[in-house]
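Below is one structure; the comments refer to it alone.
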Amino acid sequence: MRSDEPQWTPPPKDPEKPVQLRRILALFRPYRARLALVGLLVGASSLVSVASPFLLREILDVAIPGRRTGLLTLLALGMIATAVTTSVFGVLQTLLSTTVGQRVMHDLRTGVYAKLQRMPLAFFTRTRTGEVQSRIANDIGGMQATVTSTATSLVSNLTSVIATVCAMLALDWRLTVVSLLLLPLFVWISRRVGNERKKITTQRQKQMAAMSAMVTESLSVSGILLGRTMGRADSLTQGFADESERLVGLEVRANMAGRWRMATIGIVMAAMPALIYWAAGLVLQFGGPVFSLGTLVAFVSLQQGLLRPTVSLLTTGVQMQTSLALFQRIFEYLDLPVAITEPAEPVRLPAPRGEIRFENVRFCYDPEAAPTLDGIDLTVPAGGSLAVVGPTGSGKSTLSYLVPRLYDVTGGRVTLDGTDVRELDFDTLARSVGVVSQETYLFHASVADNLRFAKPDATDEEIARAARAAQIHDHIAALPDGYDTLVGERGYRFSGGEKQRLAIARTILRDPPVLVLDEATSALDTRTEHAVQQAIDELSAGRTTLTIAHRLSTVRDADQIVVLDGGRIAERGTHDELLAAEGRYAALVRRDAHLTTADDQAMAP
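In the UniProt record's numbering, the protein residues as written are 1 to 605.
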C-alpha cells in the first residue's frame with residue numbers, strides 16, 4: 001500500500017437509540033398500507049382469541065351442569081371456530097409481515113451495495129474486503145428476524161396483552177391485580193438482559209467480520225498460493241482457530257445472557273395458577289364473593305394467555321436491543337460521506353471528441369501532507385497521445401486517476417472537450433474514458449460474460465471482433481468451451497498476458513474516445529509485453545491515449561512525453577527531444593535499457 005494513500009476516517013458512530021428507532025421505522029414507511037392490514041389482522045385475531053375462555057366458562061358453569069346438550073354443542077363449535085379464525089388470521093398476518101420484512105431486507109441490501117459502489121477508492125484501500133462482505137451478509141442477515149417477524153410480534157403480543165387484561169378485568173379485578181404483580185420483575189430482568197445482549201452482539205459481529213476478512217484473504221487463490229509457498233498454512237489455520245475461539249466465547253455469553261431469565265419466567269408461569277387458586281381461596285375465606293368453577297378455569301386460561309404474549313413481548317424487546325447493534329453497523333455504512341458525486345445539473349456530451357486538459361492541477365491525498373501533484377498543466381489533443389514517466393511515487397498513477405474521476409482534484413481542473421469532468425454526468429464519463437490497468441480484474445464467469453461487462457448487448461460477432469483486435473481470439477477459440485470457458489477466480493485460468501489482452505478486448509468493445517493505460521504491461525516479461533503491446537497499439541489507434549509507463553520502450557512513439565518528479569513536471573517533449581536534452585528522461589531510458597537487457601538474458605534458453 002502506498003504511503004500517499006488517503007487517510008480514510010469513517011464518520012463518528014451515532015449510538016443514540018431514539019435516532020436509530022426513527023430510522024428503523026422509516027424503512028417500513030413505503031409499506032404502510034400492508035402494515036395497516038397486518039395491524040387489522042392482529043387486532044381481530046387478539047379479540048377473537050380472548051373469546052375462548054368466556055366460552056369455556058359457559059360450558060363449565062351452564063351447559064354441563066344444566067345438561068344442555070344443544071348449548072354445549074354450540075359453545076364447543078364456537079371454541080373450534082375461534083381457533084380456526086385465529087389460525088387463518090395468523091397465516092395471513094405471517095404472509096404479509098414476511099413479505100414486508102423481506103422487501104425491507106432487499107432495500108437495505110441494495111441500499112448498502114449502491115452506497116459502496118459510490119464510495120471513493122480511499123475507502124476500499126483502508127477497509128478489509130471481508131469487513132465489507134460481513135456488513136452486507138452477516139449484519140443484514142442478522143436483522144432478518146427483526147424486520148420479518150419481530151416487529152409484527154411486537155404489535156401482536158401488545159394487542160394480545162391489552163385484550164387479555166381487559167378480559168381478565170371483566171372476570172375479576174382482584175385476581176387481575178394479583179396476576180399483574182410480577183410484571184415489573186419481568187420488565188426489569190428483560191431490560192438488564194437486553195442491554196447485555198446488545199453489547200455482546202456488537203462484539204460478536206465485529207468478531208464475525210474479522211473472521212470473514214481472514215477467510216476472504218487466506219482462502220482466495222492468491223492467499224492459498226502465498227500460504228503454501230511460504231509454508232504458513234499451519235500458522236494461518238492456528239490464527240483462524242484463535243479467532244474462532246474468541247467467537248465461541250461471545251456466542252456462549254450471548255446465549256447464557258438470557259438463559260437465567262427464561263428459567264425465572266418458567267418458574268413464574270408454573271406458579272401463577274397456584275397463586276390464583278390461593279388468592280381465590282383467601283377471598284372466599286374472608287367472606288368475598290363466590291367464584292364459580294368456570295370463572296376460575298377461564299381466569300387461569302386467560303392468565304396463561306397473558307403470560308405467553310408478555311414473555312414474547314419481553315423477548316421481542318431483547319431481540320430488538322440485539323438488532324439495534326446490527327442496524328447501527330448498517331447505518332454507519334449508509335451514513336458514509338460520498339466524496340465524488342454527480343452535479344445537480346450534469347453536462348452530457350453526446351459525442352465526445354476526447355481532448356483532455358490538466359489546468360494547474362493540484363492534488364493531495366492528505367491535506368496535512370505535501371501535495372502528490374502540483375501545478376500540472378497539460379493538453380492532449382483529441383486522438384493524440386501523452387506518456388507520463390517518472391520514478392516510483394512521482395504521481396504518475398494519481399494523474400491517471402483524475403481523468404475518470406476516481407479521485408477529484410484538490411485544485412485546478414481536468415477537462416474533457418473543454419468541460420470540467422466534475423460537471424459531467426457519470427454516464428458520459430464512463431462512456432468516454434476506458435482504463436486498462438496493471439491489475440486486471442476478471443469475474444468468475446465465462447469469457448463472453450467478462451467481455452460483455454463492457455457492453456451488455458454486444459453480439460457474438462462484436463465480441464469476437466474485439467478479441468481479434470486484442471490478439472486473444474485464437475487462444476479463446478482453441479479452448480474446449482471457447483467463449484463459454486470459465487475464467488476462474490480472478491482469471492487464474494489465464495496467464496498475465498492473456499488476462500491483459502482480455503482486458504484490452506473488453507475496452508475495445510466499449511469503444512471509448514479516451515484511453516488510460518496505467519502501467520498495463522509493467523508486470524509482464526519482455527516477450528509477453530511485446531504481444532500485449534500489439535494489442536494496445538490496436539486499441540490506441542484513433543483514440544486520445546494517456547499512458548502511465550514503467551517500461552519506456554512502450555512510449556517512444558507518443559506525441560508527447562512528460563517526466564514527473566515529486567509531483568511536478570520536470571521535463572516534457574518528444575522521445576528524441578528529451579534524449580537530446582540529456583536530462584532525467586535520458587537517464588530513465590538508460591536505466592530501462594539496462595533492465596530490459598538483463599530481462600532478455602534471463603529469458604534466453
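We treat Cβ as the ideally placed atom computed from N, Cα and C, and that holds for glycine.
Candidates the options: closest to residue i by CA position
| i | options | result |
| --- | --- | --- |
| residue 606 | Ala535, Asp366, Tyr113 | An answer regarding residue 606 cannot be provided, because it is not within the stretch 1 to 605 covered by the chain. |
| Ala280 | Asp172, Ile463, Gln328 | Asp172 |
| Ala370 | Ile356, Gly395, Ile24, Gly491 | Gly395 |
| Asp518 | Ile536, Arg57, Ile508, Arg510 | Ile536 |
| Ala344 | Phe426, Val532, Glu439, Arg591 | Phe426 |
| Leu169 | Thr237, Ala593, Phe54, Asp61 | Phe54 |
| Val147 | His530, Tyr31, Asp511, Pro184 | Tyr31 |
| Leu56 | Ser292, Leu324, Ala541 | Ser292 |
| Asp557 | Leu564, Ala541, Asp565 | Ala541 |
| Cys364 | Phe327, Arg348, Ile340, Tyr407 | Tyr407 |
| Asn138 | Val100, Arg109, Thr398, Leu158 | Arg109 |
| Ser495 | Pro480, Asp511, His475 | His475 |
| Ala83 | Thr164, Ser45, Leu71 | Ser45 |
| Thr544 | Phe28, Glu355, Phe327 | Glu355 |
| Met143 | Gln205, Trp188, His473, Ser156 | Gln205 |
| Gly266 | Leu236, Val311, Val155, Thr159 | Val311 |
| Ser551 | Val589, Thr201, Ala580 | The question names Ser, but residue 551 is Arg in the sequence shown. Per the Cα distances, Val589. |
| Ser156 | Thr547, Thr85, Leu40 | Leu40 |
| Phe358 | Leu247, Arg348, Val409, Leu326 | Val409 |
| Arg362 | Leu27, Val177, Lys455, Leu402 | Leu402 |
| Thr152 | Leu95, Thr164, Lys199, Thr125 | Leu95 |
Residue i - containing alpha helix (DSSP H), residue span
| i | result |
| --- | --- |
| Leu72 | 69-117 |
| Leu56 | 51-58 |
| Glu461 | 460-469 |
| Leu442 | Premise fails: Leu442 is in no alpha helix (DSSP H) and is neither H nor E. |
| Ile476 | 473-478 |
| Ser385 | Looking at the DSSP string, Ser385 is not in any alpha helix (DSSP H); the run it does join, the beta strand (DSSP E), is 385-389. |
| Leu564 | Not the alpha helix (DSSP H): Leu564 falls in the beta strand (DSSP E), residues 560-565. |
| Leu180 | 173-180 |
| Leu349 | Note, Leu349: premise wrong, no alpha helix (DSSP H); not H, not E. |
| Arg126 | 121-126 |
Extent of the continuous beta strand (DSSP E) run through residue i
| i | result |
| --- | --- |
| Phe453 | Taken as a continuous stretch (DSSP letters only), Phe453 belongs to no beta strand (DSSP E), as it is neither H nor E. |
| Arg362 | 356-363 |
| Thr428 | Unbroken run through Thr428 is the alpha helix (DSSP H), 426-432; no beta strand (DSSP E). |
| Thr507 | Thr507 -> not in any beta strand (DSSP E); alpha helix (DSSP H) instead, spanning 496-510. |
| Thr398 | Per DSSP, Thr398 belongs to no beta strand (DSSP E); it is in the alpha helix (DSSP H), 396-402. |
| Ile548 | 544-548 |
| Leu552 | Premise fails: Leu552 is in no beta strand (DSSP E) and is neither H nor E. |
| Arg413 | 411-416 |
| Ala570 | 568-573 |
| Thr379 | 373-380 |
| Leu517 | 514-518 |
Under 9 Å between C-beta atoms of residue i and residue j
| i | j | result |
| --- | --- | --- |
| Leu424 | Pro346 | yes |
| Val91 | Pro309 | no |
| Arg197 | Leu373 | no |
| Gln93 | Val42 | yes |
| Ala458 | Leu509 | yes |
| Asp460 | Tyr492 | no |
| Gly418 | Gln560 | no |
| Ser87 | Val38 | no |
| Ile140 | Met105 | yes |
| Pro120 | Ile340 | yes |
| Gly78 | Ala51 | yes |
| Leu60 | Ala298 | yes |
| Ala382 | Pro512 | no |
| residue 649 | His575 | Since the displayed the chain opens at 1 and closes at 605, residue 649 lies outside it and no answer follows. |
| Leu324 | Leu21 | yes |
| Ser463 | Leu479 | Note that residue 463 corresponds to Ile in the displayed sequence, not to Ser. Cβ distance not < 9 Å, so Ile463 and Leu479 don't count as in contact. |
| Thr428 | Pro337 | no |
| Val215 | Gly130 | yes |
| Arg259 | Gln207 | no |
| Thr547 | Leu386 | yes |
Distance between beta carbons of residue j and residue i, contact taken as under 8 Å
| i | j | result |
| --- | --- | --- |
| Val447 | Ala549 | The pair is not a contact, with the Cβ atoms about 28 Å apart (cut-off 8 Å). |
| Glu243 | Ala210 | 6 Å |
| Arg405 | Val380 | Between Val380 and Arg405 the Cβ distance is about 17 Å, and since that is not below 8 Å, they are no contact. |
| Pro367 | Asp565 | That pair is no contact at about 22 Å. |
| Asn360 | Gly393 | Going by Cβ atoms, the distance from Asn360 to Gly393 rounds to 22 Å, so no, they are not a contact pair. |
| Leu302 | Ala81 | The Cβ separation is near 19 Å, so there is no contact. |
| Leu442 | Val487 | 5 Å |
Contact between the stretch 428-447 and the stretch 498-510 is defined here as three or more beta-carbon pairs at a separation below 8 Å; is this criterion met? yes
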